[in-house]
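Note sheet for the following structure.
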Amino acid sequence: MISLLPTNLLQIPLNPSKSIPALKSKQRNNSLNFSSELLNSRNPSSKSTRFSIVSCVFPCEENFLYNEWPQILQTSIGCGDFLLGQSIHAFLVKFGYQNDTFRGNNLVNLYAKLNRLGEAQRVFDEMLDRNKITWTSLMNGYLQVNDVESVFQVASQMCRVGERFNEYCCSVMLQACSSAEYVFLGKQIHCFVVKSGFREDIFVATSLISMYSMGGCSDDTVKVFAGISVNEKDVRCMNLMISEYGKAGSGEKAIWLFLDLLSSGLDPDDYTFTNIISVCKENTLLEVGRQLQGLAMKYGFVSETSVRNAIITMYGKHGLVEDMEKMFQAISEKNLVSWTALLSGYVRNNYAIKALSYFVEMLNSSIYVDSSCLSTVLDGCSECKNLDFGLQIHGSVIKIGYLSDVNVGTALIHLYAKCSNLQSARLILNGLSHKTAACFNAILVGFTEIDSHHKEDALFLFSQQREEDVYPDAVTFSQLLSLSANQASLIRGKSIHACAIKMGCGNDISVANAAITMYAKCGSIDDAYLMFRSMNEHDTISWNAMVSAYALHGQGRRAFLIFEEMQRQGFAPDKITILSALQGCCYSGLWEDGICLFNEMEPKYGVRAILEHFACMVDLLGRAGRIPEALNLIKNSPYSESPLIWRTLVNVCKLCGDLSFGKIASKHLLDLTPEEAGSYILISNFYAGRGMLKEAAKVRTMMNDLKLPKEAGYSTIEVDNKVHLFVASSKDHPETKEIYAKLDLIGAEMGGEDAENVFLALI
DNA sequence: CTAGGGTTAG
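Using the numbering used here, the letters of the first sequence map in sequence onto residues 140 to 902.
What follows is the structure, given as structure tokens:
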């Protein structure tokens, strides 16, 4: 049972003992008392505070300035007011105090906290006597503005003048190493820390954990944390470790640590709740997250923006869009993270259009954007393929200067790839100095998207990736495998699969799933089955891949066996499973089974039929010689306005040679897609297949008159490890002559049709 | 005899 704190921690006033120096001096003038109160003001940056400081400082005596100025300086720092700081600086110069070590330190500190490193450096340079505090203040200043190089320049200068590092310096330097590129330096400082006996210092230890956490050295954070003695551990280092366990995907460990913290007598703070709730975005932890939300409320931290932001993300990741929206609306002081979390939740849950409109609203409430926000919005653009919006964001990215940011770059590549603009995608890729596997994977999306024989280039891209020493990941391999699956190139698929195994991705479930499909589509159903059986664990996609594999190979019975085994193993069939099983029935002539499955899919499996299911049934009924029923099904379905379903009917009429229904279907298809070349070609082929060459030519003429853009149909076949490409009506293949001769021969055997028609009938 | 250091959410 968790004991509750009696009051809202945030509402507890500051400890009055902190203002004792001012309270003691009752005889001092009113303005001074006022200034002391200001030191404890919760809002030191307000205009009235600044005014009070100015009015209390400037009429004062030299003596007053000498004795009281640290408090005044401190308040100026709180104000973040550069001009005020400069005025005080001028006063100190006027009275000749600027070279005093103590006052100089304060000035360096003040300018450093205001991010005015030029001024801080100047004061520093002019000082005659510097101590460790001076050096640390300057280094900390450079750290604040993320100028790591300068931090270490100052540090090495400090070494040269013979000043030793203490715990404070180590802590600052370690923070400067908090990124993957500086971890090696951080490790050296870690050695120094151990040698100098600073390991016991909780500040140093916390900085070490933070450094290793940011640098991606998860194991090292655990080791450092384990090395801190129990009575030294405080809320801050616990918070950090909770966050670290969350990052490493060890949600349970994070929760245990959180419970440790509660039972150890330490008070959790807003950081604690932000971190522990953030852990609950893991997919099994929604209920825990809800409980923690309640607990945060009891402790009085649930109104903190950071806590609410974490809750937004948690709901977003669990698909609870309404809860997410409610939480967002409840935040009184929404910041950039709140907005980004909301946008990301929308994008993730297929509300990309909503995300874009909220982004506009966000801009209108004059919140600045950063790289994380921009990449989220770009993901939204990719999701709804809104290139126009994306182009504007791209413009802003260039303007604000985030083009070299790898996350923004990846999102841009993904956007262009999704919109089939591979040229621009490559341009962005080549412009990135630090590339990750995700950048290359984003381009691969484009190859899937454009669905043409340019897939050859995917392997070229892969070799570029290898040359640039960017390690491929599981996503790379599953995408490459599914690309080679669509190209039906077994040799290529096999070599990619081998490469995946060699590089340690062979056991990844998404790679294995892609391999099943690859082997099936490349004609090797036995390898697909072997792959399936060799996996340690299956997910729904694995089962779907196997059902679909058998369906594709016309082995409907086996597809059904897998379908049943899947259910025995406790996996619920989804819409893809049902669709694959239906396709299995369709290609294997299991008409009754298919019709039966279609009828019971909603009552028995809770899967509502969507367009693809209806289209598959139209195909099935047509092949079963029940075309009137197929037409009936379309008319009674919610998809009677869908081109796909009529295209399917035309196609199946073509297969069965049903002229009257084919005509009906053709009319519907042309009504729905008067500007799609593919429809005209299909219908023309339908007539050609019936030997009605005049009708076929008429449809072709209609299409030509409309000057519709059309993509040539193509197919590929692999012979002796070489992929041959055939584009409709192209004569590029070196053996074109022989191929057409053979087509003539086949045509003759089929009953005297000429080669062109055979060709048309085949594609 | 004042002053310098560590944690958060997208």
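We put the CB at the ideal spot given by N, CA and C, even for glycine.
message: Across the stretch 250-260 and the stretch 221-234, are there enough close Cβ pairs to call them in contact, namely three or more that are closer than 8 angstroms?
response: yes
task: Measure the beta-carbon distance from residue 702 to residue 679 and round it to whole angstroms, keeping in mind my assumption that it falls under 8 angstroms.
output: Wrong, their Cβ atoms sit about 12 angstroms apart, outside the cutoff.
- prompt: Where residue 846 and residue 729 are concerned, what is the direct C-alpha to C-alpha distance, given to the nearest angstrom?
  reply: 42 angstroms
field: Given 8 angstroms, three or more beta-carbon pairs between the stretch 532-547 and the stretch 565-575
entry: Output reads yes: the stretch 565-575 touches the stretch 532-547.
- prompt: Hey, residue 686 and residue 654 are a contact pair by Cβ (cut 8 angstroms); roughly how many whole angstroms apart?
  reply: Between residue 654 and residue 686 the Cβ distance is about 16 angstroms, and since that is not below 8 angstroms, they are no contact.
query: From residue 752 to residue 628, what distance separates their C-alpha atoms?
result: 28 angstroms
- prompt: Can you tell me whether DSSP reads residue 287 as helix, strand or coil?
  reply: In this structure, residue 287 counts as helix in the three-state DSSP scheme.
query: DSSP state of residue 878, grouped into three classes?
result: helix
field: 7 angstroms CB neighbourhood of residue 270 in its chain, flanking five on each side removed
entry: For residue 270, the CB contacts under 7 angstroms within the same chain, skipping 5 residues up- and downstream, are 240 in chain order.
Close-in-space but distant-in-sequence residues of the same chain around residue 717 (CB under 6 angstroms, 5 per side omitted): 740, 746
field: N- and C-terminal bounds of the alpha helix (DSSP H) containing residue 767
entry: 766-774
Distance between residue 642 and residue 614 (C-alpha atoms, nearest Å): 13 angstroms
query: Closest to residue 316 by CA distance: which of 341, 743, 290, 597 is it?
result: 290
query: In whole angstroms, what separates the C-alpha of residue 562 from that of residue 824?
result: 34 angstroms
query: From residue 656 to residue 462, what distance separates their C-alpha atoms?
result: 38 angstroms
message: Among the candidates 225, 652, 660, whose CA atom is the shortest distance from the CA of residue 673?
response: 652
message: On the criterion of 16 or more Cβ atoms from any shown chain inside 10 Å, does residue 792 qualify as buried, or is it exposed?
response: Around the beta carbon of residue 792, 16 or more other beta carbons lie within 10 angstroms, which makes this residue buried.
Nearest neighbour of residue 534, chosen from 522, 559, 567 [CA to CA]: That would be 567, whose Cα lies nearest to the Cα of residue 534.
query: What's the C-alpha gap between residue 537 and residue 319?
result: 25 angstroms
message: Given this structure, state the Cα-to-Cα distance separating residue 390 from residue 822, to the nearest angstrom.
response: 57 angstroms
query: Leaving out five residues before and five after residue 450 in sequence, what residues of the same chain have Cβ atoms less than 7 angstroms from its Cβ?
result: 416, 432, 466
message: When you compare the CB positions of residue 458 and residue 480, do they come within less than 8 angstroms of one another, or not?
response: No Cβ-Cβ contact shorter than 8 angstroms links residue 458 with residue 480.
message: Please tell me whether residue 624 and residue 632 are closer than 8 angstroms, where the distance is taken between their beta carbons.
response: yes
Residue range of the alpha helix (DSSP H) that includes residue 575: Taken as a continuous stretch (DSSP letters only), residue 575 belongs to no alpha helix (DSSP H), as it is neither H nor E.
- prompt: Among 229, 775, 344, 356, which residue has its Cα nearest to the Cα of residue 372?
  reply: 344
query: Of the choices 816, 784, 848, whose alpha-carbon is the least far from that of residue 801?
result: 784
task: Helix, strand or coil for residue 583, going by three-state DSSP, please let me know.
output: helix
- prompt: Would you report the Cα separation of residue 818 and residue 839, rounded to the nearest angstrom?
  reply: 10 angstroms
- prompt: Between 369, 582, 384, 353, which lies nearest to residue 361 when the distance is taken from Cα to Cα?
  reply: The alpha carbon of residue 361 has as its nearest neighbour, out of 369, 582, 384, 353, the alpha carbon of 384.
- request: Inspect the beta-carbon positions of residue 769 and residue 788 and report whether they are closer than 8 angstroms.
  value: yes
task: Assign residue 351 to one of three DSSP states: helix, strand, or coil.
output: helix
field: Helix, strand or coil at residue 371 according to DSSP, with G and I counted as helix
entry: coil
field: Boundaries of the alpha helix (DSSP H) in which residue 300 is found, first to last residue
entry: That residue, residue 300, is in no alpha helix (DSSP H); it is neither H nor E in DSSP.
message: If you measure between the beta carbons of residue 578 and residue 524, is that distance less than 8 angstroms?
response: no
query: From which residue to which residue does the alpha helix (DSSP H) around residue 406 run?
result: Residue 406: not part of any alpha helix (DSSP H); DSSP gives it neither H nor E.
- request: Taking only runs that begin and end inside the stretch 420-448, name each unbroken beta strand (DSSP E) of 3 or more residues, in chain order.
  value: none
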